[in-house]
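Novice: One structure, pasted below without further comment.
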Amino acid sequence: MNTELTLEDIRGLFADVALRFQETDRKFQETDRKFQETDRKFEKTDRLIDKLSRENSQKIRELGQQIGGLGNKFGSFTEGLALPSMEKILRQRFGVDTISPSVRISRKGKHLEIDVLAYANGEINTAYVVEVKSHLREENIQQLLEILEHFAEWFPEHRDKKLYGILAAVDIPESLRLRILEQGLYLAQIHEDLFELQVPDDFRPRRFDQ
């Protein structure tokens, strides 16, 4: 059996190999095009995700501003609701003659805002800081305590007065009631559209000027 390759056979083999290389190269090119198309789709998807992310972030910010605005409006509504009945308590129960709502003050680059400042000179010589909240939280108690403890720094003109604190709220968790009274703060809660003091007969308020 003759197994010798002729020149024609060798040329045929090279031609076959060349065809195979061409086919392989074509497949590589096709694969590369598919990869490029996939990359373009990924880039398009990334752009879409980025756009949606920006739009959602903007919507979340706008929603947060709307919720914050609603909270501010509800807080202002609560303060407005509390003021008439709180004025009555302050005048009739405590004998104050000056009641100032929404007091804002700045000293040495620091700012303070309190819901109500009430006081009387003369024989009574007493000041009351009132904070009004829709839903009372632990931090609200601490905030009022800090205001009272530094009251003389903010209002040196009242440093010689007896000083007391009042927390008024629509919703007061039971877990915070005892805490408020233990701190010597007066507690007021809304009842039939009016704020009423809710303190036991043996309650002894704390003087924060001492």
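For reference, each letter of the sequence shown is one residue, going 0 to 209 in numbering that gives the first Met the number 0. Glycine included, every Cβ here is placed at the ideal spot set by N, Cα and C.
#1: Where DSSP assigns a beta bridge to residue 100, which residues make up the other side?
#2: Along the beta strand (DSSP E) that carries residue 175, what are the first and last residues, could you check?
#3: Secondary structure at residue 123, three-state DSSP: helix, strand or coil?
#4: Rounded to a whole number of angstroms, what is the C-alpha to C-alpha distance between residue 35 and residue 139?
#5: Roughly how many angstroms separate the alpha carbons of residue 113 and residue 47, rounded to a whole number?
#6: To the nearest angstrom, how far is it from the Cα of residue 173 to the Cα of residue 131?
#7: Can you tell me which of 118, 137, 40 and 84 puts its alpha carbon nearest to the alpha carbon of residue 178?
#8: Report the partner residues of residue 190 according to the DSSP bridge assignment.
#9: Assuming contact is defined by CB atoms lying nearer than 8 Å, are residue 147 and residue 166 in contact in what I supplied?
#10: Just to confirm, is the Cβ distance from residue 164 to residue 202 under 8 Å?
#11: Under the assumption that residue 182 contacts residue 188 (Cβ atoms under 8 Å), give the Cβ distance between them as a whole number of angstroms.
Specialist: The structure says:
#1: Here residue 100 is bridged, per DSSP, to 115.
#2: Not the beta strand (DSSP E): residue 175 falls in the alpha helix (DSSP H), residues 173 to 181.
#3: Here DSSP, grouped into helix, strand and coil, assigns residue 123 to coil.
#4: Rounded to the nearest angstrom, the two C-alpha atoms are 59 Å apart.
#5: Whole-angstrom Cα-Cα distance: 47 Å.
#6: Per the coordinates, the alpha-carbon of residue 173 lies some 17 Å from the alpha-carbon of residue 131.
#7: Measuring from the Cα of residue 178, the nearest candidate turns out to be 137.
#8: Its beta-bridge partners are 193.
#9: No, Cβ-Cβ distance for residue 147 and residue 166 is not below 8 Å.
#10: Cβ atoms of residue 164 and residue 202: not closer than 8 Å.
#11: About 16 Å separates the beta carbons of residue 182 and residue 188, which is beyond the 8 Å limit, so they are not a contact pair.
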